[in-house]
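Report on the structure given below.
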Amino acid sequence: MRIVVAVKYVPDINGPRGFEDCRVVRDPESGTLNELDENAVEAALRLVESLPDDEREASEVVALTVAPADADIALRKAYQMGVDRGIRVTDDALAGSDYFGTTAALAAAVRRLEAEAPVDLVITGMAALDGLGSVVPALLAAELGRPQLTLAKRLELDAAAGLLRVTRETDDATEVLEAPLPAVLSVSDTANRPRFPNFKLIMAARSKPVEAWSAADLGLDPAAVGTAGARTTTTVAEPRPPRPEVELVVDKGQGGTALAEFLIRNELV
Amino acid sequence: MTNRTILVLLDPATEVRSSTLELFTIARSLGRVEAVTLEAPTIDVLAQLGAYGVETVHQAELSAAVVPGAGGGDAEHDARHLTSVVAATLAAAVRRTDADVVLAPATFAAKEAAAVAAYQLGAGLVIDAAGVSEDDQGRIVGTKRVFAGSWDTASVVTTDVAVLTVRANAVVPSPAPSSVSTIVEGLTVEVDPPSVRVVSRTVKERVAGRPSLEEAAVVVAGGRGTDGDFGPVDDLADALGAAVGATRDAVFEGWFDQYVGQTGVTVAPRLYIGAGISGAPHHRGGMQASQVIVAVNSDPEAPIFEICDFAVVGDLADVLPQAAAAIRAHRGE
Numbered sequence: 022m023r024i025v026v027a028v029k030y031v032p033d034i035n036g037p038r039g040f041e042d043c044r045v046v047r048d049p050e051s052g053t054l055n056e057l058d059e060n061a062v063e064a065a066l067r068l069v070e071s072l073p074d075d076e077r078e079a080s081e082v083v084a085l086t087v088a089p090a091d092a093d094i095a096l097r098k099a100y101q102m103g104v105d106r107g108i109r110v111t112d113d114a115l116a117g118s119d120y121f122g123t124t125a126a127l128a129a130a131v132r133r134l135e136a137e138a139p140v141d142l143v144i145t146g147m148a149a150l151d152g153l154g155s156v157v158p159a160l161l162a163a164e165l166g167r168p169q170l171t172l173a174k175r176l177e178l179d180a181a182a183g184l185l186r187v188t189r190e191t192d193d194a195t196e197v198l199e200a201p202l203p204a205v206l207s208v209s210d211t212a213n214r215p216r217f218p219n220f221k222l223i224m225a226a227r228s229k230p231v232e233a234w235s236a237a238d239l240g241l242d243p244a245a246v247g248t249a250g251a252r253t254t255t256t257v258a259e260p261r262p263p264r265p266e267v268e269l270v271v272d273k274g275q276g277g278t279a280l281a282e283f284l285i286r287n288e289l290v
Numbered sequence: 003m004t005n006r007t008i009l010v011l012l013d014p015a016t017e018v019r020s021s022t023l024e025l026f027t028i029a030r031s032l033g034r035v036e037a038v039t040l041e042a043p044t045i046d047v048l049a050q051l052g053a054y055g056v057e058t059v060h061q062a063e064l065s066a067a068v069v070p071g072a073g074g075g076d077a078e079h080d081a082r083h084l085t086s087v088v089a090a091t092l093a094a095a096v097r098r099t100d101a102d103v104v105l106a107p108a109t110f111a112a113k114e115a116a117a118v119a120a121y122q123l124g125a126g127l128v129i130d131a132a133g134v135s136e137d138d139q140g141r142i143v144g145t146k147r148v149f150a151g152s153w154d155t156a157s158v159v160t161t162d163v164a165v166l167t168v169r170a171n172a173v174v175p176s177p178a179p180s181s182v183s184t185i186v187e188g189l190t191v192e193v194d195p196p197s198v199r200v201v202s203r204t205v206k207e208r209v210a211g212r213p214s215l216e217e218a219a220v221v222v223a224g225g226r227g228t229d230g231d232f233g234p235v236d237d238l239a240d241a242l243g244a245a246v247g248a249t250r251d252a253v254f255e256g257w258f259d260q261y262v263g264q265t266g267v268t269v270a271p272r273l274y275i276g277a278g279i280s281g282a283p284h285h286r287g288g289m290q291a292s293q294v295i296v297a298v299n300s301d302p303e304a305p306i307f308e309i310c311d312f313a314v315v316g317d318l319a320d321v322l323p324q325a326a327a328a329i330r331a332h333r334g335e
């Protein structure tokens, strides 16, 4: 089985986050693998580990990202978890890509990998913690012309039949969906608990190579991606004013009444 | 602006949620309002659409491959809500009506469908807008609150068609100055038989008498500090007519079924009250855009106190019932 995990390099949610010239500041000091992509890497590794020995040995898990070179931090983390190969698509022409530009680059890289050997599954996390759009998995499925199984919280692979079954929660319903491979899968943050890298893998990850591909390598039209191809332009990005000082009450038997009075005073009741 | 057509996704069509009424309200400020559905709207729904100025409803006509037992007989395997089907329906409706703008709610399902429709239409896409307006050139602008409510952004759509998903509580829903009589028209949708099979689909029941978490104007949420007893949280929520939520930890513990957080439900109500919640980044990312934030926590060092407007250091089991009683007394109940 051959699996591509699409991962993203994002600003750490525990660190300072912001914009400069309407672009997200990506500082290597606080950049990290999107936490939700760890669930995607974990799902890929577990699917491979569930296979019989011979198939497992013939399997490959590829971590793929579209980003500047700093994103090797994210690929390194994927290597530490146990992926076999890391690929970064990097090109100035891709800067400023919208959802569609990012999707086009990811899909082109998947197609190039398919030219080597079939790709059975593309897996992503449920969202990237910077933009929180959650739409790239569905767009990738549309662009690659593959069935989409998104937001999975449970997976069942029937390797012999080439079928993947997922359970997922939407806002309205609990659904069990099934699709033939090759497919595009996104996993929720409740799908699994990502493993902690062991010492051996951490050491090995240091010397693992990252392959860098350009837009030209993938046959991408520079006019269709990046700022040139974007269908939206961010024109304003400004920090919110800080909240006014908190009004703090220590409960000595009157805390609930004080809370109610605050709500009434502010016409919130 | 008056000649613009705005399509609003109405899925399901058996009820109109307040988030959808908000979409109609926004749509009226941009132009003519029409709706798209995947099933027959009920009489009550049609009356509400009329009151909100929706002139036409385009109801998808789907093949038996999509809707087994046509007529809605087989809800268990109903494939009409799959992304590919909803997206094809939205795209067909835009082509049919020559619409300029598509508005959809900010649920995961609607976001995916809106995105794939935009992909098929070559349209610009804004996800989770907190507001929709137009610039001086008449182009559609989506404003967003990002990075856990700490930054505001505005994005201009530069294509002819704009597709936006809009967060609940973006505007106050208001009916049209005069109601219209809404017409239902069939919409032919060419869609390949889905490659995804719906093995089962179980619609979630909503708690009667309580607003849903996604669109409530007031939210009361409980965390680890409840120790699993949501009684005081429910009590205060009932007094306020609020929705109830939880933290991801509380859901993992099995204390509640729906959590507020950047990967759970993202809320931006008028009032958010967090009880026994420390305020981890994951949770803050799902509620920090709330207008007024109140916290009750026994730990004076809880990080949530850094982002709130009013805080009580105390035991939620004492504070919440007292607050609920005082609110009921104020209302003369």
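Order-wise, the sequence lines are chains A and B. Note that my numbering has the first sequence beginning at 22, numbered continuously upward. Note that my numbering has the second sequence beginning at 3, numbered continuously upward. Note that beta-carbon positions come from the ideal geometry of N, C-alpha and C, so glycine has one too.
Delimiting residues of the beta strand (DSSP E) encompassing A:Glu259: Working through the first sequence from its first residue, we reach residue 259 of chain A at position 238. Run containing A:Glu259: Thr253 to Pro260, per the beta strand (DSSP E) assignment.
Cα-Cα separation, B:Ala150 to B:Gly287: Here residue 150 of chain B refers to the residue found at position 148 when the second sequence is read from its first residue. Here residue 287 of chain B refers to the residue found at position 285 when the second sequence is read from its first residue. Distance between the alpha carbons of B:Ala150 and B:Gly287 is about 4 Å.
The stretch 153–163 of chain B / the stretch 249–256 of chain A touching (three or more Cβ pairs under 8 Å): Enough Cβ pairs lie closer than 8 Å, so yes.
Burial state of B:Arg97 (16 or more Cβ within 10 Å): In the second sequence, the residue the question calls residue 97 of chain B occupies position 95. Classification for B:Arg97: exposed.
Contact list for the stretch 197–208 of chain A against chain B, Cβ threshold 9 Å: Correct list: Val197, Leu198, Glu199, Ala200, Pro201 and Ala204.
Top-ranked residue by Cα proximity to B:Ser31, from B:Pro175, B:Ala319 and B:Thr204: Here the question's residue 31 of chain B lines up with position 29 in the second sequence. The closest CA to that of B:Ser31, considering only B:Pro175, B:Ala319 and B:Thr204, is found on B:Pro175.
Short-range partners of chain A found in the stretch 172–203 of chain B, where Cβ spacing is below 7 Å: Against chain A - using a Cβ distance shorter than 7 Å - the residues of the stretch 172–203 of chain B are Ser197, Val198, Arg199, Val200, Val201, Ser202 and Arg203.
Presumed contact (8 Å Cβ cut-off) between B:Val88 and B:Ala115, rounded CB distance: Within the second sequence, numbered from 1, the residue matching residue 88 of chain B stands at position 86. Within the second sequence, numbered from 1, the residue matching residue 115 of chain B stands at position 113. Yes, they are in contact, since the Cβ atoms of B:Val88 and B:Ala115 sit about 4 Å apart, within 8 Å.
Cross-chain neighbours of A:Ile144 in chain B, by beta carbon under 8 Å: Along the first sequence, read from residue 1 onward, the residue named residue 144 of chain A stands at position 123. Correct list: empty, because the minimum Cβ distance to chain B is about 16 Å.
Near-chain A residues of the stretch 216–233 of chain B (beta-carbon distance less than 8 Å), N- to C-terminal order: Answer in chain order: Glu216 and Val220.
Near-chain B residues of the stretch 209–220 of chain A (beta-carbon distance less than 9 Å), N- to C-terminal order: Listed in sequence order: Ser209, Asp210 and Thr211.
Test: A:Val46 CB closer than 8 Å to a CB of chain B: Taking the first sequence and counting its residues from 1, the one referred to as residue 46 of chain A is at position 25. No, because no Cβ of chain B sits closer than 8 Å to the Cβ of A:Val46.
Assigned secondary structure, A:Asn55 (DSSP; H/G/I helix, E/B strand, else coil): In the first sequence, residue 55 of chain A corresponds to position 34, counting from 1. Looking at A:Asn55 - three-state DSSP - the assignment turns out to be coil, as it is neither helix nor strand.
Cutoff 8 Å: A:Gln169 Cβ touching any chain B Cβ: The count along the first sequence starts at 1 and reaches residue 169 of chain A at position 148. Put simply, the CB of A:Gln169 is near chain B, with a gap under 8 Å to one of its CB atoms.
Close-in-space but distant-in-sequence residues of the same chain around B:Glu57 (CB under 8 Å, 5 per side omitted): Numbered from 1 along the second sequence, position 55 holds the residue referred to as residue 57 of chain B. Correct list, in chain order: Arg34, Val35, Glu36, Val182, Thr184 and Ile185.
In DSSP terms, what A:Arg106 is bridged to: Reading the first sequence from its first residue, position 85 is the one you call residue 106 of chain A. A:Arg106 pairs with A:Val83.
Contact set for B:Asp2: own chain, Cβ-Cβ below 7 Å, skip 5 residues either direction: Since the first residue of chain B shown is 3 and the last is 335, residue 2 of chain B is not available in this structure.
Reduced DSSP secondary structure (H/G/I, E/B, other) of B:Gln290: Translated into the one-based positions of the second sequence, residue 290 of chain B becomes position 288. Three-state DSSP puts B:Gln290 in coil, outside helix and strand.
is_contact[B:Asp320, chain A] using C-beta, thresh 8 Å: Numbered from 1 along the second sequence, position 318 holds the residue referred to as residue 320 of chain B. Chain A, which has a Cβ nearer than 8 Å to the Cβ of B:Asp320, makes this yes.
A:Pro32 - containing alpha helix (DSSP H), residue span: On the first sequence, position 11 is the one that residue 32 of chain A refers to. Where A:Pro32 is concerned, there is no enclosing alpha helix (DSSP H), although the beta strand (DSSP E) it sits in stretches over Tyr30 to Pro32.
DSSP state of A:Thr195 mapped onto helix, strand, coil: Taking the first sequence and counting its residues from 1, the one referred to as residue 195 of chain A is at position 174. The three-state secondary structure of A:Thr195, taken from DSSP, is strand.
Contact residues within the stretch 14–35 of chain B, judged by C-beta distance below 8 Å to chain A: Going along the stretch 14–35 of chain B in chain order, one finds Pro14 with a Cβ nearer than 8 Å to chain A.
Short Cβ contact (8 Å threshold) for B:Asn2 with B:Gly233: The requested residue 2 of chain B does not occur in the structure, where chain B is confined to residues 3 to 335.
Beta-carbon gap between A:Leu66 and A:Gly103 smaller than 8 Å: Counted from its first residue, the first sequence places residue 66 of chain A at position 45. Counted from its first residue, the first sequence places residue 103 of chain A at position 82. When the beta-carbon positions are compared, A:Leu66 and A:Gly103 come within less than 8 Å of each other.
Spatial neighbours of B:Ala282 in its chain, beta-carbon cut-off 7 Å, leaving aside the 5 residues before and after: Reading the second sequence from its first residue, position 280 is the one you call residue 282 of chain B. Non-local C-beta neighbours of B:Ala282 in its own chain, meaning closer than 7 Å and more than five positions away in sequence, are absent.
In DSSP terms, what B:Asp154 is bridged to: For this step, residue 154 of chain B is matched to residue 152 along the second sequence. B:Asp154 has A:Glu259 and B:Arg147 as its beta-bridge partners, per DSSP.
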